[in-house]
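Some notes on the structure that comes next.
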Amino acid sequence: MKRLFPFIAALLYLLSQTVLAEVRNDGLNKQPWFHQSFLELADDVHEAADEGKFLVVLIEQSGCPLPRIT
């Protein structure tokens, strides 16, 4: 039971975040927490660390059927 609660809480959080996603005209997702960058990953890592955040590198492919399946 101790392991079940964190799993359910994480699942509910992730499901609530997918509702906030919007799809751009090019077919890619746009999350409210996305940050436009100049793709200098070292600078982005330092900026995220200064703000107490983590860096996520997301690779998407326009037209990928996986988001429609899940």
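Number 60 in numbering that gives the first Met the number 0 belongs to position 61 of the sequence shown; there are no gaps in the numbering. Backbone N, C-alpha and C fix where the C-beta goes; we use that ideal spot for every residue, glycine too.
Point to revise | Limits of the alpha helix (DSSP H) - the one that Leu-40 falls within | key: Within the sequence shown, the letter at position 41 stands for residue 40. Unbroken alpha helix (DSSP H) run through Leu-40: 40-49.
Practice item. Reducing DSSP to helix, strand and coil, say where Leu-54 ends up. Key: Here residue 54 refers to the residue found at position 55 when the sequence shown is read from its first residue. In the structure shown, Leu-54 sits in coil (DSSP, three-state: anything other than H, G, I, E or B).
Check your understanding: Are the CB atoms of Val-44 and Leu-54 nearer to each other than 8 Å?
Key -> Numbered from its first residue, the sequence shown carries residue 44 at position 45. Numbered from its first residue, the sequence shown carries residue 54 at position 55. For Val-44 and Leu-54, yes; Cβs fall inside 8 Å.
Point to revise | Phe-37 in three-state terms, based on DSSP | key: Position 38 of the sequence shown, counting from 1, holds the residue named residue 37. DSSP places Phe-37 in coil when its eight states are reduced to three.
Exercise for review: Please report how far the alpha carbon of Lys-1 lies from the alpha carbon of Leu-10, in whole angstroms.
Suggested key: Translated into the one-based positions of the sequence shown, residue 1 becomes position 2. Translated into the one-based positions of the sequence shown, residue 10 becomes position 11. Each residue's Cα considered, the two are about 15 Å apart.
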